[in-house]
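J.: Going letter by letter, the sequence shown gives residues 13 to 368 in the working numbering.
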Amino acid sequence: MNFVWNTAAMKTIVRTCSIIRQSAWMKEFSDEWKKPFLIIDSEVRRLWDGELQQIVLSASGLYIIEAREVLKNTFTLTQIWESMSAAGIHRDTPVVVIGGGLVCDIGAMAASTYMRGLKLMLVPTTLLCMVDACLGGKTGVNLAGAKNQVGTFNPAEKILISAEFLDTLPKREFRSGIAEILKTALIGDSSIRKSLEQMNMENPESEIILEIVRKCLEVKGGIVAEDLKETGKRMLLNLGHTIGHALESASEFQLSHGEAVGLGLIVEAALAVSQGGNENLPDEIRYLLKRAGLPTAINGTISEEDLYRLIDRDKKTREDGRIWSLPFDWCDCRLISLTPDQEEKILPGAMSLLKA
């Protein structure tokens, strides 16, 4: 089964109800999507070379990118622009990005800025990207060791999801996607929690996974449709990310994005408890993370000083404080502004939940 998401509709998923191979979605690369400039994850290209051969041969240009966080920077972005220029692409050349969240982030940013914007299709190949990163239009690169400090809003015109890519996804990467699924369940659909509790994490059924993907995209799509530029409600989608991005950077990216977000969910649920939230929620989140094989604590190699410095660099920081997305309960997430004094009182206690 695959999904084709038309982001102009944003709330609507068009489903083709059949189990497919990658060759079956070649028909999507016709008409206005012919001869695209391709940006492909190097590992995806290696693993799916035969299936991708037809689209590669028909491409106007090709950039292969290694999905490493240290390469998600302005230098790599410049290399993509230069590759686009060398290929001689035009304003009507579509860009197709095939890879996980990191590759889609930087590829979409290249598409949004080269020639002031090119038509964009995303083909997510990781669970994390399928349930979250592919939808919503956020693009970005890291700067000075901090996550996504430079970016644009550039929703893809088309998103194509094929579950077969998950067949070759490393288990650690699959688990990382579970953290973003849990985030979405907390924000807007508690039925996803039941699916996670019933899922066989070692051998998950593709139909269950795709149903979860559909639910996650519906939640996120509904929010983004109301607030594309993140001036209000969309900030709820930052749940787990204020702490998560800081942990990811402080660990020098030894923690994956999903692992860091999962830990962020525990801390931010504890912050919500200090504001009157469900006191059982941090333990409920910890249980679901542990069941998925995700970390629930950090080791001593992460410097608290670096961690707090990176939190201060978070994009939601304002002169008079910081806006947090805090889970008070399932489907009850709220935007809460905390002053530096308030954070100083409650953040250390919440962070202590991550000590092994």
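The beta carbon of each residue, even a glycine, is placed where N, CA and C say it ideally should be. Note that the structure is predicted; figures quoted are calculated from it, not measured.
1) Less than 8 Å between the CB atoms is what I'm expecting for L172 and M121, so what's the real figure, rounded?
2) Taking just the CA atoms, how far does L240 sit from M247?
3) Just mark L69 as buried or exposed, buried being the case when its beta carbon has 16 or more other beta carbons within 10 Å.
4) Buried or exposed: Y299, going by 16 or more other Cβ atoms within 10 Å of its Cβ?
5) Is the distance from the Cβ of I278 to the Cβ of T308 below 9 Å?
6) How big is the Cα-Cα spacing for G333 and V108?
7) Tell me C345's beta-bridge partners as DSSP assigns them.
8) Would you give the residue range spanned by the beta strand (DSSP E) that D53 belongs to?
9) Would DSSP call A265 helix, strand or coil?
10) Using a Cβ-Cβ cutoff of less than 6 Å, which residues in the same chain neighbour P352 once the five nearest sequence positions on both sides are dropped?
11) Taking only three categories from DSSP, how would you classify N250?
12) Quick one: using the 10 Å Cβ neighbour count with 16 as the cut-off for buried, is P167 buried or exposed?
13) Mind reading off the beta-carbon distance from S261 to G157? Whole number of angstroms is fine, and I expect it under 8 Å.
14) Roughly how many whole angstroms lie between the Cα atoms of E223 and C146?
15) From the DSSP output, which residues share a beta bridge with L74?
16) Buried or exposed for S174, going by 16 or more other Cβ atoms inside 10 Å?
17) Rounded to a whole number of angstroms, what is the C-alpha to C-alpha distance between N160 and W336?
18) Can you grab the Cα-Cα spacing for the pair M363 / N311, in whole Å?
19) Counting C-beta neighbours from all protein chains within 10 Å, is the total for R103 16 or more, i.e. buried, or is it exposed?
20) Going straight from the alpha carbon of G234 to that of I199, what length do you get?
21) By Cβ distance below 7 Å, which residues in the same chain neighbour L267 in space, the five residues on each side in sequence not counted?
22) Residues in the same chain with beta-carbon distance under 6 Å from D53, minus the five sequence neighbours each way, listed in chain order, please.
23) DSSP puts K150 in a beta bridge; with which residues?
T.: So, to answer that:
1) Taking C-beta atoms under 8 Å as the contact rule, L172 and M121 fail to qualify, at a distance of about 19 Å.
2) Distance from the CA of M247 to the CA of L240, rounded to the nearest whole angstrom, comes to 10 Å.
3) Its Cβ having fewer than 16 others within 10 Å, L69 is exposed.
4) Here Y299 is exposed, its C-beta having fewer than 16 other C-beta atoms within 10 Å.
5) Yes; because the gap between Cβ atoms is below 9 Å, this pair is in contact.
6) Between the alpha carbons of G333 and V108 lies a gap of roughly 39 Å.
7) Bridge partners of C345 according to DSSP: P339.
8) Element bounds for D53: 49–53.
9) Note on residue identity: the sequence assigns Phe, not Ala, to residue 265. Three-state result, F265: coil.
10) Correct list: empty, nothing qualifies.
11) Helix, per DSSP.
12) Buried.
13) That belief holds up - the Cβ atoms of S261 and G157 are roughly 6 Å apart, short of 8 Å.
14) Cα-Cα distance, rounded: 16 Å.
15) According to DSSP, L74 bridges with L50.
16) Looking at its Cβ environment, which holds 16 or more other Cβ atoms inside 10 Å, S174 is buried.
17) Spanning the two alpha carbons is a distance of roughly 17 Å.
18) Spanning the two alpha carbons is a distance of roughly 12 Å.
19) With fewer than 16 Cβ atoms within 10 Å of its Cβ, R103 is classed as exposed.
20) Here the alpha carbons of I199 and G234 stand approximately 12 Å from one another.
21) Only L259, E260 meet the Cβ criterion.
22) Around D53: A79, G111, V115.
23) Bridge partners of K150: F165.
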